[in-house]
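Working notes for the structure below.
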Amino acid sequence: MGGLFGNFERDETPLHGFSRLFAEFNLQPRDASLDIKQRSFSKGGYFAFPPPSPKENGRIISPDTSETHDQLYGHALLPHPEQTSHQNPPAIDGDVAENDEVEQRQMAERQKRLEKEREMATHGEVEWVRSGGVLRDAQGRRDKVRTDHIRHEIRLQEREKLLKEMWEMYERKWGALLASDDRVSFKDMPWPLQRCPSSVGDLTFKAISDFLLEPLDIRTNTVTKRERIRTSLLRWHPDKMSSVLCRVVEEDVDIVRGGVGALFHKYHDKDALYHVAQAIFVFFTIV
Numbered sequence: 001m002g003g004l005f006g007n008f009e010r011d012e013t014p015l016h017g018f019s020r021l022f023a024e025f026n027l028q029p030r031d032a033s034l035d036i037k038q039r040s041f042s043k044g045g046y047f048a049f050p051p052p053s054p055k056e057n058g059r060i061i062s063p064d065t066s067e068t069h070d071q072l073y074g075h076a077l078l079p080h081p082e083q084t085s086h087q088n089p090p091a092i093d094g095d096v097a098e099n100d101e102v103e104q105r106q107m108a109e110r111q112k113r114l115e116k117e118r119e120m121a122t123h124g125e126v127e128w129v130r131s132g133g134v135l136r137d138a139q140g141r142r143d144k145v146r147t148d149h150i151r152h153e154i155r156l157q158e159r160e161k162l163l164k165e166m167w168e169m170y171e172r173k174w175g176a177l178l179a180s181d182d183r184v185s186f187k188d189m190p191w192p193l194q195r196c197p198s199s200v201g202d203l204t205f206k207a208i209s210d211f212l213l214e215p216l217d218i219r220t221n222t223v224t225k226r227e228r229i230r231t232s233l234l235r236w237h238p239d240k241m242s243s244v245l246c247r248v249v250e251e252d253v254d255i256v257r258g259g260v261g262a263l264f265h266k267y268h269d270k271d272a273l274y275h276v277a278q279a280i281f282v283f284f285t286i287v
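All residue numbers for the sequence shown refer to UniProt numbering, where the first residue is 1 and numbers rise by one.
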């Protein structure tokens, strides 16, 4: 046997393993000093080896396997920070604020629409009960509780409407009285009563107090009791009434002027509400 493997001689001995493999392909011995780096590699078979690295100044330069390593182990899946900064720019604060504003506006519109629908439904029930109808529940049975509740609401609304109209008429009369220079009589005075008095007997303390304070029960009212009393005191004060008293018909001038001055001096240390009601009551009685 010579060379690397020696000379092969065929004999009758059974071949096994690698010996049989070399024998079948009739392999010849080769020179062991052959530079393996100068040979080209076959792409077939079960094994593949990378080409040798070139030499530079006697040093072997290893190929850059970082890319292959990253592909094998998954590091290449992570984008470079500089690439992500260009591919996925961060959200702008202005865009976020604009989106929030749009969402808030849509929510407000939705809430407004729901409130309007509820108001329409409630208005329909009120009008139905006002016309004499009876509400029914989801099973079609008479809903006495809801019907009675709406009937009470209807009565309350009608009362509030009456009180509001009454007070507005009172204010309009005062506005017309102060804006005019005409002579005034008993019936022209803006008496704080629900109805124009036909006699002195109609000018009671309770009637005056109810007229001044009942409108404060209106649910949309914003005037306090203290403000209402103060306004009435100033309005009927003798100094404020002087421009009106000078226009009273001649036969009532002395009585009206004396009565207005006397009642405020007499009740100045009393309770404010009592003061106002009694002052107006005395004034009406004198007139």
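Using N, Cα and C, we set each Cβ at its ideal position, and we do this for glycine too.
Worksheet entry | Neighbour-count burial assignment, VAL244, 16 or more Cβ in a 10 Å radius | Counting from 1 along the sequence shown, the entry for residue 244 is found at position 244. When all chains shown are included, VAL244 counts as buried.
Worksheet item: If you count every other CB in all the chains shown that lies within 10 Å of the CB of VAL253, and 16 or more means buried, which is it?
Response: Here residue 253 is taken as the residue at index 253 of the sequence shown, counted from 1. With fewer than 16 Cβ atoms within 10 Å of its Cβ, VAL253 is classed as exposed.
Item to complete: Can you have a look at SER180 and say buried or exposed, based on whether 16 or more other CB atoms are within 10 angstroms of its CB?
Response: In the sequence shown, counting from the first residue as 1, residue 180 sits at position 180. SER180 should be labelled exposed.
Item to complete: Assuming LEU135 and VAL126 form a contact by the criterion Cβ under 8 angstroms, report the distance between their Cβ atoms to the nearest whole angstrom.
Response: In the sequence shown, the residue the question calls residue 135 occupies position 135. In the sequence shown, the residue the question calls residue 126 occupies position 126. LEU135 to VAL126, Cβ: 10 angstroms. No contact.
Item to complete: Note the first and the last residue of the continuous alpha helix (DSSP H) segment covering LYS240.
Response: As a first step, residue 240 is located in the sequence shown; it is residue number 240 there, counting from the start. Residue range 238-245 is occupied by the alpha helix (DSSP H) that includes LYS240.
Discussion item. When you compare the stretch 166-174 with the stretch 186-197, are there three or more beta-carbon pairs, one atom per stretch, that lie closer than 8 angstroms?
Written reply: yes
Item to complete: Would you grab the beta carbon distance between ARG228 and LEU213 for me? Rounded to a whole angstrom, and I think it's under 8 angstroms.
Response: Numbered from its first residue, the sequence shown carries residue 228 at position 228. Numbered from its first residue, the sequence shown carries residue 213 at position 213. The pair is a contact, with the Cβ atoms about 7 angstroms apart (cut-off 8 angstroms).
Discussion item. Suppose the cutoff is 8 angstroms on Cβ atoms and the five residues either side in sequence are ignored; what does the same chain contact list for MET166 look like?
Written reply: As a working note, residue 166 is residue 166 in the sequence shown. Contacts found: GLN194, PHE211, PRO215.
Discussion item. On the criterion of 16 or more Cβ atoms from any shown chain inside 10 Å, does SER185 qualify as buried, or is it exposed?
Written reply: Locating residue 185 in the sequence shown gives position 185, where the first residue counts as 1. Around the CB of SER185, fewer than 16 other CB atoms lie within 10 Å, so the residue is classed as exposed.
Practice prompt. Report the rounded CA-to-CA distance for VAL248 versus THR231, giving the unit in angstroms.
Written response: Within the sequence shown, the letter at position 248 stands for residue 248. Within the sequence shown, the letter at position 231 stands for residue 231. Taking the straight line joining both Cα atoms gives about 22 angstroms.
Discussion item. Suppose you measure from the CA of ARG183 to the CA of TRP174; what does that come to, to the nearest Å?
Written reply: Within the sequence shown, the letter at position 183 stands for residue 183. Within the sequence shown, the letter at position 174 stands for residue 174. TRP174 has its alpha-carbon roughly 14 angstroms from the corresponding atom of ARG183.
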